[in-house]
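This report refers to the structure that appears directly beneath it.
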Ligand code: SAM
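Numbering (my numbering), first residue to last: 74 to 413.
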């Protein structure tokens with residue numbers, strides 16, 4: 074049967090359910106491929122220029138796609154990048170997004186550089202929870218990892234976010250052997266004194282990576298090392314939870330999460346689609362398959378045709394990624410454009 078026709082006839086009633094019966098209700102949106110940091114695990118080794126402005130989806134285009142996604146069952150959206158807070162007009166855009174009442178969750182991932190000076194605007198735009206990248210508690214190392222001497226600036230932003238009652242505040246640390254692995258206990262230890270959810274993420278090589286695999290540090294080893302700091306007590310997962318395995322140290326205010334895309338991939342539960350800064354819809358972070366929303370939008374296509382693109386991406390979502398194993402596939406593109 075013609076696949077396109079099949080999808081068209083289905084789209085009036087269909088929710089985004091892929092070929093493996095996974096319900097896709099989570100859209101992650103990279104609103105810019107630009108960033109004010111150059112983290113060693115994220116920035117690519119080659120120096121390809123940023124996308125020209127006209128190649129980035131406009132806010133009204135993104136909002137149109139989100140509304141269509143919502144009609145197909147999208148209920149959660151995360152805004153990411155690049156660094157989302159550097160894009161002009163972002164607070165107005167967030168405000169429009171949080172007005173979409175069918176979205177039960179709109180969240181933001183940021184490196185925190187612009188947090189301190191814009192926290193009120195983020196709050197008034199209706200954002201209640203934030204993820205902040207924080208890979209080290211050491212100022213010199215922060216500079217080594219990100220290229221900028223701004224640790225204290227970010228930390229002040231994190232503390233301010235806590236005072237302003239963002240909840241939860243998740244701190245993301247990409248665990249890197251030989252770079253920040255001497256700090257695992259200190260980073261996890263933040264959860265004793267703050268109600269933060271500290272999350273350790275395995276490093277994924279994407280694009281032309283600046284780090285080699287000798288820096289990989291897998292979650293089982295991290296857990297083993299952390300068990301010396303205290304017993305890790307499992308926390309029951311909520312229905313809206315992402316892939317993090319959740320734990321708590323006894324008596325801690327916050328939690329510790331482990332995200333293990335390599336050592337224990339969670340593809341069987343993956344509910345995500347990704348809208349890239351350049352307007353492509355990717356059903357899997359770790360596969361190059363994508364559908365062209367921007368081309369369709371700019372040709373003036375109807376909502377119905379955009380529905381078909383969503384459904385086609387769901388249809389093509391792979392069962393699992395192929396980043397490990399005997400013949401791993403390399404993922405091209407940049408994390409900042411795809412949206413981490
Ligand atoms: N600029 C924002 C930030 O720094 O949080 C948002 C974009 S960043 C690409 C989103 C997330 O992707 C961050 O938490 C970062 O730690 C994670 N990330 C980036 N590159 C990664 C990689 N190669 N492996 C694992 N996580 C990565």
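Beta carbons: idealized from backbone N, C-alpha and C, even for Gly. Just so you know, these numbers come straight off a predicted model, no measurement behind them.
Do you know offhand how far residue i's Cα is from residue j's?
i           : j           : result
residue 350 : residue 361 : 15 Å
residue 146 : residue 310 : 22 Å
residue 268 : residue 353 : 36 Å
residue 261 : residue 123 : 35 Å
residue 370 : residue 134 : 7 Å
residue 293 : residue 196 : 36 Å
residue 363 : residue 331 : 28 Å
residue 213 : residue 272 : 21 Å
residue 299 : residue 322 : 10 Å
residue 256 : residue 367 : 42 Å
residue 215 : residue 209 : 6 Å
residue 270 : residue 372 : 43 Å
Under 9 Å, do residue i and residue j count as touching if we go by C-beta distance?
i           : j           : result
residue 244 : residue 295 : no
residue 412 : residue 186 : no
residue 334 : residue 307 : no
residue 142 : residue 107 : no
residue 392 : residue 344 : no
residue 130 : residue 104 : yes
residue 97  : residue 356 : yes
residue 221 : residue 111 : yes
residue 441 : residue 179 : The displayed coordinates of the chain run from 74 to 413. Any statement about residue 441 would go beyond what the structure contains.
residue 136 : residue 170 : yes
residue 327 : residue 410 : no
Among the residues of its own chain, which have a CB less than 8 Å from the CB of residue i, if the five just before and after it don't count?
i          : result
residue 79 : Any reading at residue 79 is ruled out, since the residue's pLDDT is 49, under 50, leaving its predicted position unreliable.
Going by DSSP, name the residue or residues bridged to residue i.
i           : result
residue 330 : 272, 319
residue 179 : 150
residue 241 : Beta-bridge pairing links residue 241 to no other residue.
residue 267 : DSSP lists no partner for residue 267.
Looking only at its chain, what residues have a beta carbon closer than 6 Å to the beta carbon of residue i, apart from the 5 residues adjacent to it on each side?
i           : result
residue 117 : 280, 281, 407
residue 83  : Residue placement at residue 83 is poorly supported in this model, since its pLDDT is 49, which falls under 50; the coordinates are not used for a value here.
residue 379 : 141
residue 128 : 351
With a CB to CB cut of under 7 Å and the five nearest residues on each side skipped, what residues in its chain are close to residue i?
i           : result
residue 25  : Past the edges of the chain, shown from 74 to 413, lies residue 25, and the structure says nothing about it.
residue 189 : 226, 229, 230, 233
residue 183 : 156, 157, 158, 203, 205
Please confirm whether residue i has its beta-carbon closer than 9 Å to some beta-carbon of chain E.
i           : result
residue 337 : No chain E appears in the structure shown, which is made up of a single protein chain.
Report yes or no: do the region 385 to 400 and the region 155 to 174 share at least 3 C-beta pairs separated by less than 8 Å? Remark: fewer than three beta-carbon pairs, one from each stretch, lie closer than 8 Å, so the region 385 to 400 and the region 155 to 174 are not flagged as touching.
Is the region 200 to 215 in contact with the region 230 to 242, if contact means three or more CB pairs nearer than 8 Å? Contact between the region 200 to 215 and the region 230 to 242 is present, because at least three Cβ pairs lie under 8 Å.
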